[in-house]
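Taking mature numbering (1 follows the signal peptide of the UniProt record, and there is no 0), I'd label the letters of the sequence shown as residues -21 to -1, 1 to 340.
Where a beta carbon is used, it is the ideal one built from N, C-alpha and C, also for glycine.
Report on the following structure.
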Amino acid sequence: MKFNSIFIYLCLIFYSASSFSQNSNLHVATNVDSIQFYQLEKIKQEVENLKSENQVKPIIKILPSFAGVLTALVAVVGVIISFFKYIKEKRIELEQKKDETKLRLVTKFDSIINNLCAASNSVRAGAAVSLLTFLRPEYKNFHKQIYLILLANLKTELSNNINSLMLKTFEEAGRLKFKEFRNPIKDKFPEENSLELDLTRMNMYRLDFNGMKGLSNVDFSFSKLQHANLVDCIFIRSKGFKTDFSYARLSRSNLLEGRFNESNFEGVQFHESNLISAKLKHTNLKNAEFQKAYLQDAILDGADIRGAKFEQADLNNAFFRKIKYNDADLLSIIRSKNWEKANFSEETKMKLLQLASKKWS
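Right, here's the structure in full:
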């Protein structure tokens, strides 16, 4: 009995030892696997860290070499910003100076205009001369105003000296006005490129508009243009009722369809001028010179032609009814072209025919 108990005890001890050995081995194996997994993960983490370091290190390595470039770039940007700031300040400064200059000019111009109305003739004369300064190209904004101011002043009674000075400035202003208006492409067609001017009731003694082309419908009515220089001008369809053109020069001018009834043309030069279809009724044409002029269809009814010259002028269908003349003046008419086709009163016509017959007999 005792022996059996000992045997059973020994078997239990052996079984327990076997179980403990197996459990130990399993636990050891499990611990070994955990360590290996941990080490593997650690290795992977280190590999990832190495990759990250390899990507960052090249950038870090090249940064020192770009430090100088970055510094220069920052400096350039700073210079550019400073430059534009300087340009902006200069532009503002220039605009301020421009505004100040403009203000001074306006003040000076206003002073000159006020002086035109001064009581002293010397002050007015100085103002008239000073206006010429403002007709320079850089003062273009003042040109129209100067023209209108002089236009108004020349309609008033002025002393001869002041009128002469203002007229010279007006001539320049008028030429500038025409020059700004003119289209050079249409120079050959002045009727399509014309400027209308109101020059009524003006005192323009010795006006010089020589060569002014492209003017039409200019109104000279009641104006005084004695001894004016209007050579080579184009005044198509212009008018001048009771205008004084005495002793003016209008040679080679185009006065086509002009209306100048009751005007004074005494001593005027119309050499080679175009007076086709012009109306010159009851005009003073004493000693006027029409040599080689074109007077086709012109109406000179009631005109005073005493002393006028018509040699080689074309009088085709012109009207000379009720004219005032001396018999000697008819000799000039028969020396013109197409005088036989002109319209005269019966008495005048008979005298012309008689003179012509004597000439050829």
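Between L279 and W318, the beta carbon gap of about 13 Å keeps them out of contact (Cβ cut-off 8 Å). The beta carbon of N305 is closer than 7 Å to those of R285 in its chain, skipping five residues each way along the sequence. Each of A104, F299, K316 and L204 was checked against the Cα of Q270, and the nearest Cα belongs to K316. DSSP places L310 inside the alpha helix (DSSP H), whose first and last residues are D308 to I312.
The DSSP-derived three-state label of Y65 is helix. Closest by C-alpha distance to H261, out of I255, N296, S232 and G219, is G219.
DSSP, read as helix, strand or coil, puts F157 in helix. Apart from sequence neighbours up to five positions away, the residues of its chain that approach L111 with a beta-carbon distance below 6 Å are T148, ordered along the chain. Spanning the alpha carbons of D187 and D308 requires a straight line of approximately 31 Å.
Its chain contains S195, N196 and E236 as the residues whose beta carbon lies nearer than 6 Å to that of R216, once the 5 sequence neighbours on both sides are disregarded; these appear in chain order.
DSSP places Y126 in the uninterrupted alpha helix (DSSP H) bounded by K119 to N132. E241 sits away from Y226, with the two beta carbons spaced by 8 Å or more.
In this structure A272 touches F249 by the C-beta definition: roughly 5 Å separates them, less than 8 Å.
Excluding its 5 nearest sequence neighbours in each direction, N233 has C-beta neighbours in its own chain below 7 Å: I213, F214, I215 and N253, listed in chain order. The beta carbons of D177 and D211 sit no closer together than 8 Å. Annotated as proximal: G193 and F157, with beta-carbon spacing under 8 Å.
With 16 or more other Cβ atoms from the protein chains shown falling within 10 Å of its own Cβ, Y126 counts as buried. A Cβ-Cβ separation of about 6 Å places N100 in contact with S138 under the 8 Å criterion.
Beta-bridge partners assigned by DSSP to N243: D223 and N263. Contact between V247 and L229 holds: CB atoms are separated by about 6 Å, below the 8 Å threshold. Taking the Cα positions, E79 is about 11 Å away from E72. For the pair A131 and F289, the Cα-to-Cα distance works out to about 38 Å. A residue is called buried when at least 16 other Cβ atoms come within 10 angstroms of its Cβ; N182 meets this threshold and is buried. Closest option to S200, judged by alpha-carbon separation, among D223, R115 and M191: D223. E117 has its alpha-carbon roughly 46 Å from the corresponding atom of N266. DSSP lists N208 and Q248 as the bridge partner or partners of R228. For L144, the secondary structure class from DSSP, reduced to helix, strand or coil, is helix. As computed with DSSP, Y273 is found in a beta bridge with N253 and D293. Sequence-distant Cβ neighbours of L144 in its own chain, meaning closer than 8 Å and more than five residues away, are A104, A107 and V108. At a Cβ-Cβ threshold of 8 Å, A297 and N322 count as neighbours.
With contacts defined by Cβ atoms closer than 8 Å, Y184 and N140 do not form a contacting pair.
Collapsing the DSSP output to three states places K77 in a helix. Within the DSSP bridge table, the entry for K330 names no partner.
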